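Here is the structure we will look at, set down as structure tokens.
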Amino acid sequence: MSGADQASLDACEVNFDGLVGPTHNYSGLAHGNVASMSHGGLVSSPKEAALQGLAKMKSLKDAGYAQGVLPPQQRPDIGALRALGFGGDNASVLAQAAEQAPQLLRAVCSASSMWTANAGTVTPSVDAADGRAHFTPANLQSSFHRFLEPETTGRVLAAIFADPAHFAHHPVLPATPAFSDEGAANHTRLCGEHGEPGVHLFVYGRQAFGGDGIEPQRFPARQTLEASQAIARQHGLNDAQVVYAQQHPDAIDAGVFHNDVIAVGNGPVLLYHELAFRDEQATLDALRDKMATPLIPVRVPLAAVSLEDAVASYLFNSQLLTNPDGSMTLVVPGECQEREAVWRCLQDHLLAGNNPIAEVVVKDVKQSMRNGGGPACLRLRVVLSRVEREALGGRVLLDDALYADLVAWVECHYRDSLSPEDLSDPRLAEETLAALDDLTRILELGPVYPFQMA
Ligand code: SUG
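Heads up, the sequence shown is in this note's numbering, so the first residue is 283 and it goes up one at a time.
And the structure:
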């Protein structure tokens, strides 16, 4: 057996979930994200949110899937408020922002980095000409609160995927509308086994230069074709390895702000809604043409699940995971049980259908769901060989000891509830710094936060 064959055999997908940060709150910040828009102003529970996320990670780890963890960001981002002209000590910056620009205070407090599907785009080493895994943090320029993430994200990724013999890091794309990038939420890798070469499906909402102008009318398209093409270039992917498809504008206008709210792929399986792609047939044809293994499309017709049901239930924001026997498990949010059409589709169409999906597992991630983040939003998928897993920096692969340390850390530092008025409390900022300082010790990451750089 060649070295390359061996590497592909022991490759597996590691899901790196974002830890929910101590300032998790509902601020209604995300235009076009129906859950965020309708829950703004509610009281959140950062502790419950973080424990729900950890419980999901733990149960998937216990079921045998490789699970990693990524730390949250430093929030409130007082540095961002200072850059916008607020001055004085931290308490004074927060008080001024609360009084003069509460919308800015809410934005710099968002714990949105928990949705690590938006952290960046990853190409596994098996697909790269230089045999290294490639990473580009997403610029997230569509919204101010998320535009604040890439710098720290880049430092975190560089600290974990540190070994230059195995990992390559690329600059964030220019943070301007033409290169609007939301990371892996709009990127799906299709392949045979995870360690075999794959085809990269990049789904974009609009074309910045040229294009025919057919775009969503109501809500913004967050990913451009030009951004996806730039990432493919950075990662050295050639034409035979990539497919670009426009997301259906009607889906975006119904609240499908990322492709991962309407489609999910794993191995050769592409589970998607009839209205996921503007040109469904061309997308499938291009994938079939380029993939080395037969594509297994699992199509959910509009007649079975409406766009409204898809958005409300987050059926497609599920994790599709490969089991040792080749079957697949679909990890869906609890909200799927609440919509009759969706639950019926899961039983009658997906589980009973002629496809590898053999099991549906329900997870409660309600705290995240109220901001439009389901199970799949909470994780960044990274296919790694055994050697690459061993080369990881920090203590980020979840085992029972790390899980216990993280639960104890949450119990110690997180508030049970947080209302919009609490965001200007200077003690919240202090509590958060203490928590993050502790966390970098638990995760053995070294300094990754602005307050640790000063
Ligand atoms: O960018 N919500 C996030 C949810 C991201 C979900 N990610 C994926 N689909 N992969 C967003 O819209 C809401 C924050 C608030 O309203 O407080 C928010 O940013």
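For glycine and all other residues, C-beta sits at the position ideal for the given N, C-alpha and C. Just so it is clear, the structure is predicted and the values come from calculations on it, not from any experiment.
- Rounded to the nearest angstrom, the gap between the Cα atoms of F429 and Q523 is 29 Å.
- A686 is classed as exposed because its beta carbon has fewer than 16 other beta carbons within 10 Å across all chains shown.
- When the beta-carbon positions are compared, L662 and A466 come within less than 8 Å of each other.
- A straight line joining the alpha-carbon of Y308 with that of A380 spans about 16 Å.
- Collapsing the DSSP output to three states places D299 in a strand.
- In this structure, L553 is the residue among A393, Q349, L553, S510 with its C-alpha nearest to the C-alpha of L632.
- A389 and G402 do not touch by the CB rule: their CB atoms are close to 21 Å apart, not below 8 Å.
- Restricting attention to beta strand (DSSP E) runs no shorter than 3 residues, the stretch 305-378 encloses them at 349-352, ordered along the chain.
- Not one heavy atom of the ligand SUG is found less than 7 Å from the C-beta of D704.
- Taking the CA atoms as reference points, I578 sits about 10 Å from G474.
- Leaving aside the five residues that flank V404 on each side, the residues in its chain whose CB is nearer than 6 Å to its CB run, in chain order, F417, V664.
- Remark: the C-beta of F298 is outside contact range of the ligand SUG, defined as less than 7 Å to any heavy atom.
- DSSP, read as helix, strand or coil, puts I544 in coil.
- Contact between L387 and L376 holds, with the beta-carbon distance rounding to 7 Å and staying under 8 Å.
- The C-beta of M396 has 16 or more other C-beta atoms within 10 Å across all chains shown, which makes the residue buried.
- The shortest C-alpha to C-alpha distance from P446 to any of D681, G493, G413 is the one to G413.
- The nearest non-hydrogen atom of the ligand SUG is less than 7 Å from the C-beta of N307.
- Using a 10 angstroms sphere on the CB of Q334, the tally of other CB atoms reaches 16 or more, which defines it as buried.
- With fewer than 16 neighbouring CB atoms inside 10 Å of its own CB, T458 falls in the exposed class.
- Taken in chain order, the complete beta strand (DSSP E) segments of 3 residues or longer contained in the stretch 612-670 are 639-645, 661-666.
- Every alpha helix (DSSP H) of 4 residues or more that sits fully in the stretch 397-445 is shown, in chain order, as 426-429, 432-442.
- By the C-beta criterion, the stretch 502-514 is judged to be in contact with the stretch 482-494, since at least 3 inter-stretch pairs fall below 8 Å.
- Judged by their CB atoms, M651 and P615 are nearer to each other than the 8 Å cut-off.
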